[in-house]
Every structure is written in structure tokens, then in C-alpha cells.
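Worksheet: the structure to be examined is printed underneath.
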Amino acid sequence: MEVARELLGKYLVRHTAEGPIIGRIVETEAYVGPEDRASHAWRGLTRRTAIMFGPPGYAYVYVIYGVHHCLNIVTEREGYPAAVLIRAVEPIMPGRECAPTIPNGPGKVCRYLAVDRTFNGADLCGSVLYVEDRGEVIAPDHIASTPRIGVDYAGPWSEKPWRFYLRGNPFVSRPRRSSSSRR
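For the sequence shown, counting from 1, position 71 maps to 71 in this note's numbering; every step adds exactly one.
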């Protein structure tokens, strides 16, 4: 849980042949342990989830809806599956005025950073894709916490306030209204 908060304000840097793509992390979600029914790891170790059971600091990248890639950072000791989903980043575009994709959702983050399944298992202390700490300290009152998005199937685990974001940041994703909240 702590890592999900601490990643806010850090930078994801992706080096490409065209130059760096940088995003300041503004929204995350924590998925913690085999008991978390919203986590891919709650049913145990599988070929898909093996990265989550590995050491911290590696990318867990998967595809949702057969289309969108999602980037997670493995956060706990080897053998205990936990990861933080990167839900949104603020684009930092050296030499460009605006980002081609507004990275305000997990699939859009991967599209913006040009991250796909080939990055599954990548060492995020590497040279092609990595997390950079530029020393920014986020005051606790600038961090909001809400239930995670899109995990209604997880029963009481869907209500855990494990989504964290920077208050007032325009790049934070907007949760869709659930069918139970529509009138």
C-alpha cells in the first residue's frame, strides 16, 4: 500500500529511438497479496501471474479486453504477490507541445509510453523503461484515496480504498459510473 502512495510524483521514463517519453505518475492502484480478490494473483501462481510472485521492481504487463495493455510494478518480496497498477501519468513532452495520447487511464498510459507485453518482466531499474525519483515530496493532504475502479466482481475487496491520486491533477482518470449508481 505504501508503495502505491510513494509512486505518486515519480516519473516513468521510456527511451525510444525517437527520444524519451516521460510521464509523472499521478494515479495508482494497489493489489496486495493472494487474499485480494481483485488481484490477478488471488487464485495463486499461474504462468500469467508468475511475475507478481517474483522480486520487486519488475513490470507486470497484461492485456485487458483483448486490446489494452496495463502496466504494474511488482512491489513486495519474492513469493508474495503484490503490484501497483499505474492508472494515469501527466505527460512530460521534451521538445513537444502536447502528447499524442492523453494518458488518463491504464491502457492510455501504455499507449503513451509505447509499452506492450514485451515489457512483461522488465527490470524497472533498467535503461529502456524505469522509474525516476526527482526528489518531489507530495504532502499527504494532496493525495486522495478511493475504492479501486472496475473491480466490482471482487466483493468486499472492491471497496478497499486502494486507489491513490494527486488531488486536482487534470490527468487523473475519471471513474465510470457503475450500473448500480445510475438512475
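Each residue gets a CB set at the ideal place from its N, CA and C atoms; glycine is no exception. Note that the structure is predicted; figures quoted are calculated from it, not measured.
Legend entry - For N72, the residue or residues it bridges with in DSSP: Position 72 of the sequence shown, counted from the start, is the residue given in the question as residue 72. Paired residue(s): Y60, L85.
Legend entry - the stretch 98-118 in contact with the stretch 57-73 per 3-pair CB rule at 8 angstroms: yes
Legend entry - Cβ pair V74, G54 closer than 8 angstroms: Position 74 of the sequence shown, counting from 1, holds the residue named residue 74. Position 54 of the sequence shown, counting from 1, holds the residue named residue 54. It is a contact, given that the beta carbons lie within the stated cut-off.
Inset, instruction - Say whether the stretch 19-27 touches the stretch 159-166, bearing in mind that this needs 3 or more beta-carbon pairs closer than 8 angstroms, one atom from each stretch. - result: yes
Inset, instruction - Check H15 in the structure and name its three-state DSSP category. - result: Numbered from 1 along the sequence shown, position 15 holds the residue referred to as residue 15. Three-state result, H15: strand.
Inset, instruction - Taking only runs that begin and end inside the stretch 121-150, name each unbroken beta strand (DSSP E) of 3 or more residues, in chain order. - result: 129-132, 143-146
Legend entry - For R186, the first and last residue of its enclosing beta strand (DSSP E): With the chain covering only 1 through 183, there is no way to say anything about residue 186.
Inset, instruction - Just tell me which of P156, T101, A122, A88 has its CA closest to the CA of R167. - result: Along the sequence shown, read from residue 1 onward, the residue named residue 167 stands at position 167. Among P156, T101, A122, A88, the Cα nearest to that of R167 is on A88.
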